[in-house]
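The structure under discussion appears below in the form of structure tokens.
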Amino acid sequence: MNSSNTRNRYPTVDIEQYIRQHLGSHVLYTYRNVKKYYYRLDAVQLDIEFLKICRGKDIIPSFLWFKTANNDLSSSPVYKACQLKLLNVEIDAKRKKLNELKIIYVSSLDHLRELSSADLFEHFFEIIISECSQLIDEKRRTLNKKLLSLCPVNNSTRYYNAKVVTNLSSRVLSNEELICLANGLDYSLPPKSINSMNVASNVETFFHRITDVYQHQKKFMNEHKEYEAISESDVRVLNTKELSLANDLSSLTKSFLQRANRGQIQKNKFDFDQENYRKLLQKLKEDTSIIITRPDKGRGVVLMDKHNYVNKIQSILNDSSKFSSLSEDPTLARENNLKSLLRKLHDQRQITDQFYYLARPTGSNPGRLYGLPKVHKQPVSLRPVLSSIGTFNYGLGKALTHMLSDLIDNKNMIKDSSSFVKDLHALDDPLSTFKMVSFDVVNLYTNIPVDETINIILKKLYEDRPVPPIIERNDLKALLTFATTKSHFLFDGKIYDQIDGVSMGSPLAPLLAEIFLQEFEKKNLSSFENLGILYWKRYVDDTFVLLNPKFSTDKVCAELSKLHPSVKFTSQEEDAVTHKLPFLNVLIQRQEGIGFQTRIYRKPTFTGLMTKWNSFVPKIYKYNTISVMVHRAIQICSSYKALHAEFQFIRKISKRNGYPSNFVDSIIKRQLNLKYEPSAPVPPTLSTDTVVFKIPYLGKESQVYGKLVTSAVAKQYPLKKVRIVYDVPDRIGRSFKNKDAVSDELKAGVVYEATCSQCNNSYIGQTCRHLKTRINEHLYDQKKFLPQPVKIPEKKKKKKKTSQNPIPLYTGPITRSRTGKLPSSSIILYKDDIDELLKQTTVKLKNEEPPVPKSAISKHYIKTRHMFTKDDFSILLTERYRYRLRISTTLSSQHRIVKATDSLSGSPAAFIPDGLVNCNIRGTGLIHSYTGGTGLINCQIRVIGATVIQHRTTALQNTSSCSEDRL
1 MNSSNTRNRY PTVDIEQYIR QHLGSHVLYT YRNVKKYYYR LDAVQLDIEF
51 LKICRGKDII PSFLWFKTAN NDLSSSPVYK ACQLKLLNVE IDAKRKKLNE
101 LKIIYVSSLD HLRELSSADL FEHFFEIIIS ECSQLIDEKR RTLNKKLLSL
151 CPVNNSTRYY NAKVVTNLSS RVLSNEELIC LANGLDYSLP PKSINSMNVA
201 SNVETFFHRI TDVYQHQKKF MNEHKEYEAI SESDVRVLNT KELSLANDLS
251 SLTKSFLQRA NRGQIQKNKF DFDQENYRKL LQKLKEDTSI IITRPDKGRG
301 VVLMDKHNYV NKIQSILNDS SKFSSLSEDP TLARENNLKS LLRKLHDQRQ
351 ITDQFYYLAR PTGSNPGRLY GLPKVHKQPV SLRPVLSSIG TFNYGLGKAL
401 THMLSDLIDN KNMIKDSSSF VKDLHALDDP LSTFKMVSFD VVNLYTNIPV
451 DETINIILKK LYEDRPVPPI IERNDLKALL TFATTKSHFL FDGKIYDQID
501 GVSMGSPLAP LLAEIFLQEF EKKNLSSFEN LGILYWKRYV DDTFVLLNPK
551 FSTDKVCAEL SKLHPSVKFT SQEEDAVTHK LPFLNVLIQR QEGIGFQTRI
601 YRKPTFTGLM TKWNSFVPKI YKYNTISVMV HRAIQICSSY KALHAEFQFI
651 RKISKRNGYP SNFVDSIIKR QLNLKYEPSA PVPPTLSTDT VVFKIPYLGK
701 ESQVYGKLVT SAVAKQYPLK KVRIVYDVPD RIGRSFKNKD AVSDELKAGV
751 VYEATCSQCN NSYIGQTCRH LKTRINEHLY DQKKFLPQPV KIPEKKKKKK
801 KTSQNPIPLY TGPITRSRTG KLPSSSIILY KDDIDELLKQ TTVKLKNEEP
851 PVPKSAISKH YIKTRHMFTK DDFSILLTER YRYRLRISTT LSSQHRIVKA
901 TDSLSGSPAA FIPDGLVNCN IRGTGLIHSY TGGTGLINCQ IRVIGATVIQ
951 HRTTALQNTS SCSEDRL
């Protein structure tokens with residue numbers, strides 16, 4: 001019975017009087033118990049959330065402030081530690097009480113259900129919820145007032161570091177906006193909603209990687225290139241282990257989403273600071289006259305006027321020796337040229353399958369240029385940065401990097417600051433008599449001679465090695481040229497081409513720079529010695545040198561800059577008095593004849609910003625933030641005095657960022673124990689395969705869920721190691737987009753929906769190519785079935801042309817040059833001749849066979865005569881990885897309950913066969929619908945005993961005949 005009929009049948013006011021008169025006092029007593037414990041459950045839950053927020057924000061509730069005989073103790077660490085212990089005890093007591101109330105509430109609820117009819121019980125429950133909600137809202141407002149009153153006194157959230165925010169714009173920031181931005185662009189807010197579609201896609205991908213379902217599915221899809229054909233291989237059988245894991249993942253994920261939804265509702269109702277931040281960020285986002293970005297060096301936030309930002313980038317792009325403006329986008333042409341070359345090399349077996357699939361571009365876009373302000377220099381300039389992910393040669397750059405990485409010689413390379421310090425302390429004491437100098441290569445990447453570097457690579461591979469690569473020399477040169485020189489990008493709606501230097505943002509650029517500089521060092525080693533250089537170590541473009549004090553640093557720098565026209569150096573010499581030199585975030589002090597002392601060095605751009613304690617990220621992230629700093633201090637600092645000073649500094653900036661002192665001290669103690677107390681030897685373990693599982697971070701619920709999934713996998717697949725990665729989706733920096741947006745029609749890797757404007761039937765598909773390309777294919781296929789207008793040509797009267805100047809008769813020999821000047825010959829055919837010609841001629845009728853629809857769009861038109869246009873297509877979601885795209889297509893189809901789907905290129909949903917309903921996952925028990933292609937083919941698998949048997953496979957009537965971007 002619905003609720004409206006129930007309300008009409010039973011009273012909504014004076015319900016207790018009604019119960020007493022019609023049902024008796026016993027039912028009234030039970031009703032009051034249910035109402036009482038319903039309210040108490042929610043009230044205790046609110047108390048727990050309140051206390052947990054206090055603990056997370058380092059706030060001490062007023063009931064935990066107690067008097068002591070010595071008033072000075074109230075500010076001591078012991079007093080604070082006692083308060084925190086009492087707070088934890090109070091939270092545990094509340095949780096215990098909550099469990100007790102749940103038992104009593106459930107018992108009372110079941111008793112009330114037994115004493116009343118189903119419709120009356122439903123009516124009672126609606127009234128209880130209605131009356132208790134007002135009381136619960138009042139309690140929530142009271143707790144919010146308590147938090148507001150406690151925050152200014154006990155919390156330092158109103159403090160902000162003025163060095164973090166640099167406002168170069170004309171906008172005047174309010175104090176609240178400054179406080180918000182001072183948290184940094186990496187500061188995370190609790191998500192307002194849960195993307196259950198993303199959760200489902202993550203779990204499906206994880207399941208397919210853990211098991212061998214993916215390999216079975218590839219075979220399954222290859223055998224369905226002929227659509228609407230049913231064969232025995234249509235059946236997909238899960239074995240017992242796979243089915244058991246699918247069941248576990250289904251139940252665990254369903255429970256996780258339910259708990260997370262409840263938890264997020266409570267968090268969002270309490271956290272008024274976070275809600276205020278969202279409103280402030282929304283206002284800043286809506287201001288299109290400013291740009292909000294991070295600085296070139298260090299952590300912080302920079303605001304600039306947009307017109308000033310654009311002008312500074314344009315002044316860089318106006319350098320015609322480096323960049324040129326293009327009138328057309330060359331992406332498709334360059335992508336097709338590269339694909340043709342790769343296809344040829346792959347067919348000739350000159351490159352491996354792995355290289356081919358990594359380098360082959362699909363749905364490429366231009367790179368996108370943006371700038372980072374150099375706030376440490378005046379006037380403030382911008383460092384251009386190119387985002388090249390998704391460009392046509394990005395995959396090629398990665399493939400070539402893997403191929404050429406063994407050309408690197410580590411002799412003069414510095415791996416990191418720790419290895420540098422270790423090598424420095426290992427030097428002989430006499431070397432400390434030489435002065436320290438650092439040389440920096442000017443604009444390394446843009447000044448690398450590309451052709452020369454490519455020739456160096458080819459020489460190393462084909463001349464210096466006894467066995468050259470399989471790929472031909474000219475073909476490898478062509479690939480290197482594609483990866484390094486052909487780089488175009490988008491800025492402010494215009495297309496530019498980089499015409500000099502290695503492509504900015506290319507994954508191959510660091511490797512090419514290292515190969516070129518190593519060749520430079522190899523050729524000029526004798527010159528280094530003649531210039532008084534006794535020790536030379538380099539980290540990318542920064543070089544640490546020990547120089548004979550008899551030589552002038554400036555002269556040596558000038559001589560080094562003469563060794564190659566593309567390599568220019570700048571220099572920095574050690575302080576003449578203190579003999580100190582900063583290099584690679586290490587402050588080195590030379591003690592002549594004794595050795596070198598080292599400690600941590602921080603540049604003037606250091607703002608003191610780190611991951612905030614109240615940032616909504618996993619606690620392990622905060623632990624690692626401090627742990628890395630402490631570990632680095634232990635590795636770099638060469639004296640106990642320097643180490644102690646560094647620990648004090650870590651405590652100081654940690655406190656400014658909200659970290660509890662006991663948390664920091666415990667990490668320092670643990671790291672020191674690891675350093676000075678040898679750990680027990682770890683026994684060798686069996687080799688395991690690591691599979692990454694990505695979980696959206698929603699608080700403690702995510703951590704519990706990750707542990708349960710890891711345990712479930714360990715039971716079925718003990719040799720599989722699960723690595724949990726928490727995704728923090730709602731960071732402040734994601735609110736501000738400074739790169740040019742890619743138009744919808746040029747987006748690739750999308751799940752799209754086509755909705756008929758006349759009957760609202762929806763069709764879902766996916767493509768790894770540009771959406772525009774796929775839409776055009778749909779509409780072109782539909783066009784074949786549209787009625788073609790018949791044009792009747794008009795008869796034109798032939799006009800007799802009278803020659804004014806008749807051609808004179810030519811009686812000489814007929815040559816090729818004279819044939820065009822001869823009068824046309826007239827051939828007369830009689831009826832018998834025509835009949836003979838017709839017998840020898842075979843007439844071929846045009847369009848002997850009717851066209852076959854290759855798209856669900858065309859089938860819909862044939863069935864309904866409803867025509868689609870390009871405006872009927874929209875993007876549902878984007879997905880970078882191909883296999884996840886197929887899974888997302890399946891889930892999107894099931895979630896939206898579409899009339900038909902477009903392709904068979906989706907992947908079966910193994911643990912969420914029924915899709916998602918109302919952001920929750922429906923459990924399926926022991927029955928799993930294995931859906932191929934987004935709902936086109938349904939395979940069911942049932943468990944009987946411990947065996948799995950196959951069932952029927954059905955092809956729907958509306959299946960498509962054209963696969964969408966087969967993978």
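Count the sequence shown with the numbering used here and you get residues 1 to 967, in order.
From the three backbone atoms N, C-alpha and C, an ideal C-beta is built for every residue, glycine too.
Asked: Please specify which runs of the alpha helix (DSSP H), each continuous and at least 4 residues long, are wholly inside the segment 154-211, giving them in chain order.; Found: 175-181 and 196-210
Asked: Hey, is the segment 695-707 in contact with the segment 663-672, meaning 3+ C-beta pairs nearer than 8 angstroms?; Found: no
Asked: Do H34 and I695 have their C-beta atoms closer together than 9 angstroms?; Found: One detail in the question is off: residue 34 reads as Val in this sequence, not His. Taking 9 angstroms as the Cβ cut-off, V34 and I695 do not qualify as a contacting pair.
Asked: Can you tell me which of the three DSSP states T864 falls into?; Found: helix
Asked: For Y445 versus A513, is the C-beta spacing smaller than 9 angstroms?; Found: yes
Asked: Suppose the cutoff is 8 angstroms on Cβ atoms and the five residues either side in sequence are ignored; what does the same chain contact list for R723 look like?; Found: T690, V691, V692 and F693
Asked: Going straight from the alpha carbon of R113 to that of L23, what length do you get?; Found: 13 angstroms
Asked: How is S757 classed by DSSP in three states: helix, strand or coil?; Found: coil
Asked: According to the neighbour-count rule (16 or more other Cβ atoms, all chains shown, within 10 Å of its Cβ), is R602 buried or exposed?; Found: exposed
Asked: Mapping the DSSP letters down to three states, classify A748 as helix, strand or coil.; Found: strand
Asked: Could you tell me if T901 is buried or exposed, where buried requires 16 or more neighbouring beta carbons within 10 angstroms of its beta carbon?; Found: Its pLDDT being 43, under 50, T901 is placed unreliably in this model, and the value from its coordinates should be taken loosely. With 16 or more other Cβ atoms within 10 Å, it is buried.
Asked: Leaving out five residues before and five after P366 in sequence, what residues of the same chain have Cβ atoms less than 8 angstroms from its Cβ?; Found: D329, T331, T391, H488, F489, L490 and I495
Asked: By DSSP, does L609 sit in helix, in strand, or in coil?; Found: coil
Asked: Can you check the segment 476-550 for any alpha helix (DSSP H) of at least 4 residues that lies completely inside it and give the ranges in chain order?; Found: 509-523 and 525-530
Asked: If the criterion is Cβ atoms closer than 9 angstroms, does the pair L970 and C54 meet it?; Found: Examination of residue 970 is not possible in this model, given that the chain is present from 1 through 967 alone.
Asked: Find the nearest neighbour of L386 within the set G749, P681 and S506, judged by alpha-carbon distance.; Found: S506
Asked: Which residues in the same chain have their Cβ closer than 6 angstroms to the Cβ of T543, if we skip the five residues on either side of it in sequence?; Found: F439
Asked: Spatial neighbours of M304 within its chain, please: CB distance less than 6 angstroms, with the 5 preceding and 5 following residues excluded, ordered by chain position.; Found: L168, S169 and I291
Asked: Spatial neighbours of L28 within its chain, please: C-beta separation below 8 angstroms, excluding the five flanking residues on both sides.; Found: E16, I19 and R20
Asked: I'd like the span of the beta strand (DSSP E) that includes H770, first residue to last.; Found: S762 to H770
Asked: Among the residues of its own chain, which have a CB less than 6 angstroms from the CB of T12, if the five just before and after it don't count?; Found: none
Asked: Ordered along the chain, which non-local residues of its own chain (more than five positions away) have a Cβ less than 6 angstroms from that of Y10?; Found: H123
Asked: Between T598 and I588, how many whole angstroms is the CB-CB distance? I'm expecting something under 8 angstroms.; Found: 6 angstroms
Asked: Return the chain-ordered list of same chain residues with a C-beta closer than 8 angstroms to the C-beta of Y38, the five sequence neighbours on each side being excluded.; Found: Y105, I128, I129 and C132
Asked: Can you tell which of V44, K139 and L135 has the C-alpha that lies nearest to the C-alpha of K102?; Found: V44
Asked: Where do the N-terminal and C-terminal ends of the beta strand (DSSP E) with L303 fall, by residue?; Found: V301 to D305
Asked: Given this structure, state the Cα-to-Cα distance separating N301 from Y309, to the nearest angstrom.; Found: Correcting the residue type first, residue 301 is Val in the shown sequence and not Asn. If you take the alpha carbons of V301 and Y309, they lie about 15 angstroms apart.
Asked: Find out if the Cβ-Cβ distance for the pair D469, L476 is shorter than 9 angstroms.; Found: Before going on, a small fix: residue 469 reads as Pro here, not Asp. Yes. Within cutoff.
Asked: What is the DSSP secondary structure of K415, counted as helix, strand or coil?; Found: coil
Asked: I'd like the list of long-range same chain contacts for M610, defined as Cβ closer than 7 angstroms, with 5 residues on each side in sequence excluded.; Found: T625, I653 and N657
Asked: Going straight from the alpha carbon of D406 to that of D319, what length do you get?; Found: 36 angstroms
Asked: For Q591, which of helix, strand or coil comes out of DSSP?; Found: strand
Asked: Do K783 and E745 count as a contact pair if the criterion is CB distance below 9 angstroms?; Found: no
Asked: Are the segment 610-619 and the segment 187-203 touching by the rule of at least three beta carbon pairs closer than 8 angstroms?; Found: yes
Asked: In angstroms with no decimal places, state the Cα-to-Cα distance between A642 and I499.; Found: 49 angstroms
Asked: Are S571 and V442 close, meaning C-beta to C-beta below 9 angstroms?; Found: no
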